[in-house]
Amino acid sequence: MQVETTGLLDGRVAIVSGVGPGLGRSIALTLARAGADVALAARRPEPLTDVAAAVEGLGRRAAVIPTDVADPAQCDRLVAETVDRLGRVDVLVNNAFSEEDWHDPFDGFDPNRWREPIAVNLFGSLGLTQAVVPHLRAAGGGSVIMITTLSVKNPVPLLAGYAASKRALTTAAQVMARELGPHQIRVNCVAPGHIRGGSLDEYFAWIAERRGVDVDTVAAEIASMNALPHLATPDEIAGAVLFFASDLSRVVTGQALDVNCGRTLG
Amino acid sequence: MLLKDKVGIVSGVGPGFGKEIALAFAREGSDLVLGARTESYLAEVQAEVEGLGLRARYAPTDITDQAQCDRLVQTAIDEFGRVDVLVNNAFAADVFQLFEDVDLDAWRRIVDVNLFGSLQLTKSVIPVMKDQGGGSIVFVNSMIVRKILPLQGGYATSKGALLTAAHVLAKELGPYKIRVNSIVPGWMWGPSVQGYFALMEKQTGKSVQDQYDEIASQIALGLIPTDDDCANAAVFFASDLSSVITGQALDVNGGEVFH
Chain A
-4 MQVETTGLLD GRVAIVSGVG PGLGRSIALT LARAGADVAL AARRPEPLTD VAAAVEGLGR
56 RAAVIPTDVA DPAQCDRLVA ETVDRLGRVD VLVNNAFSEE DWHDPFDGFD PNRWREPIAV
116 NLFGSLGLTQ AVVPHLRAAG GGSVIMITTL SVKNPVPLLA GYAASKRALT TAAQVMAREL
176 GPHQIRVNCV APGHIRGGSL DEYFAWIAER RGVDVDTVAA EIASMNALPH LATPDEIAGA
236 VLFFASDLSR VVTGQALDVN CGRTLG
Chain B
24 MLLKDKVGIV SGVGPGFGKE IALAFAREGS DLVLGARTES YLAEVQAEVE GLGLRARYAP
84 TDITDQAQCD RLVQTAIDEF GRVDVLVNNA FAADVFQLFE DVDLDAWRRI VDVNLFGSLQ
144 LTKSVIPVMK DQGGGSIVFV NSMIVRKILP LQGGYATSKG ALLTAAHVLA KELGPYKIRV
204 NSIVPGWMWG PSVQGYFALM EKQTGKSVQD QYDEIASQIA LGLIPTDDDC ANAAVFFASD
264 LSSVITGQAL DVNGGEVFH
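Residue numbers (the numbering used here), protein chains in the order written: chain A, -4 to 261; chain B, 24 to 282.
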């Protein structure tokens, strides 16, 4: 993306959860390019270190804080350490997620498969948001962004728990928008569709292998269902996150925006 | 500068939201072509855009006339050689009558402007965007499609049809990399609402401040969004920040309706 975003987030501090090599990385770098310092959270420390170096390469500060968002104590620590090291918090991007294992065909309905997605995607995001609220209030306002999914509208049976957790998160975001609005804290959802160049690549490769076709064929088939004949890259998705993080959306709260090349029309 | 080197057409440029959209675009680096029926407004906004260091041209335009729509787009081509963005902002307000009483010709006139007028201007711009290899079309819709208020049936119906039309166009124009999205403002603090509140104050004795507070209390952020803040949603859909977004409607209402 060549769009000039310098200054949109000058002086702001953002926390991004679930920072790996894909969408989390793109979000962190997009926010940094717009002027934000960024706290990077995920369970695995290695990608965090890489992304931190890239953030610093853009002239912004980065804090690497390995975190399991499903553990409320770790959420509290993430937020406290962010404030300690970067001085404040203005933006939280709840990007960390967990999904069921999609490798094995699954027949039937097993609520136990839902427990982890619900624990991470729903309660993890809620816990981290709760931890950040006092600091957003202290800053006079802020922006919370939930990364949800196309599966909220088009659920796949194999990932039922994932879909349900994100749907619940979407509704929770509306509740939070209502409750936190008086403190000028905005809460919105970005719902990506299929992304090429992130964690979904493994899924595309798996489908391609099972069907004995190449990955580009699989990607082209999925893209053909979109209005725009394209699969979004992580960087392209991050543009919508930047909008909600910035003052461009200062009167937008409680909304869910589908960022999926027109796979759904809403 | 999110719209550097882009050329945008904005319809319905008067003293209200159209002007704020034009100025928001200019602040982000876009040159502009302005359309509306009233030439004096166009000249005023042209001067303001130029004051921000961007180029602006205008053509007096009634969007219910296809030839005038074509002329507005031609003005952009003649002056700037391209059109990256079209913001369909022009609208006709309602006649404020109940459905059972209204002469449906009054609704036809509203639909003629809000639906067919916007579609005509869009039709004029499509060949240009196709030739260029893409573009962004933004429809200004209304919270009336989410929350029905009494006495605005014609306006609501026209905007409902426009929302569906935006979906149709997103699907049809996607293969040409033309994106089509809607912004859905609610109450907007600007000349139109301010004028309405002042009129109500005269008619009912309820102060402008009391009217403001009553509405703001329904809104999560506790305020009525200003029209210049709302204009930034159009900037977003015009910009490459939304390059993978089409067929969507974004509600810009301070948190009155959640969509």
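Positions of the beta carbon are idealized from the N, C-alpha and C atoms, including for glycine.
Treat the numbers as computed from the prediction; the structure is a model and nothing was measured.
Where residue i sits in the DSSP three-state scheme
i	result
B:Pro150	helix
B:Thr249	strand
A:Trp97	coil
B:Asn276	coil
B:Pro38	coil
A:Asp79	helix
B:Gly93	The identity of residue 93 of chain B in the sequence shown is Asp, whereas the question assumes Gly. Note: B:Asp93 maps to helix in three-state DSSP.
B:Val168	helix
B:Ser205	strand
A:Ala251	strand
B:Ile44	helix
B:Val267	coil
B:Ile86	coil
B:Leu57	strand
B:Arg80	strand
B:Ser141	helix
Element boundaries [beta strand (DSSP E), containing residue i]
i	result
A:Arg181	180 to 187
B:Val110	108 to 111
A:Leu131	From DSSP, A:Leu131 is part of no beta strand (DSSP E) but of the alpha helix (DSSP H) over 120 to 133.
B:Ser159	158 to 163
B:Gly31	30 to 33
The alpha helix (DSSP H) enclosing residue i, as first and last residue numbers
i	result
B:Ile133	127 to 134
A:Asn107	107 to 112
A:Phe92	Per DSSP, A:Phe92 belongs to no alpha helix (DSSP H) and is neither H nor E.
A:Met141	No alpha helix (DSSP H) contains A:Met141, which is instead part of the beta strand (DSSP E) from 137 to 142.
B:Asp236	231 to 239
B:Tyr64	62 to 74
B:Ala179	176 to 196
A:Val84	Element bounds for A:Val84: n/a, residue is neither H nor E.
B:Met223	214 to 227
For residue j and residue i, the rounded distance between their alpha carbons
i	j	result
A:Glu94	A:Leu154	7 Å
B:Gly213	A:Leu164	34 Å
B:Pro198	A:Ser219	10 Å
A:Tyr157	B:Leu244	30 Å
B:Gln175	A:Val59	54 Å
B:Val216	A:Gly176	22 Å
A:Arg38	A:Pro61	5 Å
B:Ala188	A:Arg83	44 Å
A:Phe101	B:Ile160	43 Å
B:Lys42	A:Ile113	46 Å
B:Leu55	B:Ile171	34 Å
A:Arg162	A:Gly261	16 Å
A:Asp196	A:Ala203	10 Å
A:Phe92	B:Glu62	54 Å
B:Ala261	B:Arg169	23 Å
B:Ala179	B:Val136	13 Å
A:Leu243	B:Leu109	19 Å
A:Leu4	A:Val208	44 Å
A:Pro152	A:Thr248	30 Å
Own chain residues within Cβ distance below 6 Å of residue i, not counting five before or after
i	result
B:His282	Asp274
B:Met152	Gly158, Ile201
A:Asp267	The structure shown has nothing for residue 267 of chain A, since chain A only spans -4 to 261.
B:Pro208	Cys253, Val275
B:Leu138	Ser181, Ala184, Leu185
A:Thr124	Val139
B:Met24	Glu51, Gly52
A:Ser160	Pro112, Ile113, Asn116, Leu117
A:Trp109	Gly156
A:Gly193	Gly17, Leu18, Pro229
B:Leu77	Ala49, Asp54
B:Ala239	Gly245, Leu246, Ile247
B:Asp107	Lys29, Val30, Gly158
Close beta carbons around residue i, own chain, < 8 Å, minus the five adjacent residues each side
i	result
B:Ile66	Looking at the sequence itself, residue 66 of chain B is Ala, so the reference to Ile does not match. These residues qualify, in order along the chain: Tyr81.
A:His225	Ala218, Cys256
B:Gln234	Phe220, Met223, Glu224
Contacts around residue i, its chain only, beta-carbon distance under 7 Å, and the 5 residues preceding and following it disregarded
i	result
A:Arg258	Leu145, Gly188, Met220, Asn221
B:Val258	Leu25, Leu26, Ala47, Phe48, Glu51
A:Val210	Phe199, Ala200, Ala203
(request) Output the residue ranges of the beta strand (DSSP E) runs that lie fully inside the stretch 159 to 241 of chain A and measure 3 residues or longer, sorted by chain position. (result) Runs found: 180 to 187.
(request) Report the residue ranges of all beta strand (DSSP E) runs contained in full by the stretch 8 to 72 of chain A; include only those spanning at least 3 residues, in chain order. (result) 8 to 11, 32 to 35, 57 to 59
(request) Taking only beta carbons into account, state which residues of the stretch 152 to 180 of chain A come closer than 7 Å to chain E, listed in chain order. (result) No chain E is part of this structure, whose protein chains are labelled A and B.
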